[in-house]
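Everything below concerns the one structure shown next.
In my numbering, the protein residues as written are 944 to 1256.
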């Protein structure tokens, strides 16, 4: 069944690509041909959806992952997260921030650039709508693509706003919008330092997560963690560079949590801390202690020339 689903996908996608190319190229197509091609494409799409549903019911999510390539799944998931982030943005909610967690934003420095892109896309949408007003089919296609592009661009910014870095009691969750989410256990963080960088050269074991081409914090890890890329590529990293709107506060919070994790256990005033004493050692006010003799609560005789040890209480 999985082979049938893949076969339908290989038929459907080229068919739609040829049809779109003809429409964009101005090739006149009879109405009957256009309706027939779209009817076949719709039938193939419905059939593929039904087959995917059956595959999911039989084998669960693992069976679907065998049919749909990981890059395709990750691209679709990214767009879904971006669009759902719009709803979180409007309702002033944040994703993945629980009670007691500390959230640190990272969207401020790229906001102006993204708003600029949105403005350019809006201008392009209006311009193409005017230029293509005499070509209804092409006008409808380009209008849909342009409007979706504007919405998606806003969703990318909304994802950065609603998905901040999260510091919890056991981990630091480093995120970059909807396409980067790396969980680092606090026990693996060897050091954290403030380091503003505007150039990032690729290096083994180093993960750069810049925002507006800059990073402001560097984390050194004791053990590698697996970083997953946008299309599913995986690699082990021991150094993570990230950016935050308030790097000093994030650095202070991370250092505070790390210092609390390695701080010695406090001893109450007046408490007696047991200390091992080697046989024969001289204890002030007691004298030399001999080896422990058989029995409970007594010690053997001290070495010759020394006072006997008092009984243990």
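Every residue gets a Cβ at the ideal spot worked out from N, C-alpha and C, and that includes glycine.
Distance check between residue 1117 and each of 1160, 1200, 1022 places 1160 closest, using alpha-carbon atoms only.
Spanning the alpha carbons of residue 1051 and residue 1188 requires a straight line of approximately 6 angstroms.
Cβ-Cβ distances below 8 angstroms link residue 1157 to 1052, 1139, 1140, 1141, 1186 in the same chain, with the five nearest sequence neighbours on each side left out; the list follows chain order. Comparing C-alpha distances from residue 982 to each of 959, 1078, 996 shows the shortest one belongs to 959. Annotated as proximal: residue 1099 and residue 1025, with beta-carbon spacing under 8 angstroms. Taking each of 1153, 1180, 962 in turn and checking the Cα distance to residue 1132, the smallest one comes out for 1180.
For residue 1070, no pairing in a beta bridge is given by DSSP.
For a cut-off of 8 angstroms, the C-beta gap from residue 1068 to residue 1081 is around 14 angstroms, too long to register as a contact. Relative to residue 1176, the option among 1196, 1016, 1096 whose CA is nearest is 1016. When the alpha-carbon of residue 1092 is set against those of 1061, 1137, 1149, 989, the nearest one is in 1061. Note on residue 1135: 16 or more other CB atoms within 10 angstroms of its CB, so buried under the neighbour-count rule. Relative to residue 1199, the option among 1095, 1111, 995, 1035 whose CA is nearest is 1111. Non-local C-beta neighbours of residue 1124 in its own chain, meaning closer than 6 angstroms and more than five positions away in sequence, comprise 1118, ordered along the chain. Residues of the same chain with a CB within less than 6 angstroms of the CB of residue 1030, apart from the 5 flanking positions on each side, do not exist. When DSSP states are grouped into helix, strand and coil, residue 1133 belongs to the strand group. Taking all protein chains in view, the Cβ of residue 985 is surrounded by fewer than 16 other Cβ atoms within 10 Å, so the residue is classified as exposed.
Within the same chain, 1174, 1175 come within 8 angstroms of residue 1013 by CB-CB distance, once the 5 residues on both sides are set aside. Assignment of beta-bridge partners to residue 1178 by DSSP yields 1170. With a 10 Å radius around the Cβ and a threshold of 16 neighbouring Cβ atoms, residue 991 comes out buried. In this structure, 1114 is the residue among 1106, 961, 1114 with its C-alpha nearest to the C-alpha of residue 1168.
Rounded to the nearest angstrom, the gap between the Cα atoms of residue 1070 and residue 1089 is 11 angstroms. Here the alpha carbon of residue 1102 sits roughly 43 angstroms from the alpha carbon of residue 975.
In the structure shown, residue 1161 falls within a strand segment according to DSSP collapsed to helix, strand and coil. Minimum Cα-Cα distance from residue 1130 among the listed residues 1196, 1165, 961 corresponds to 1165.
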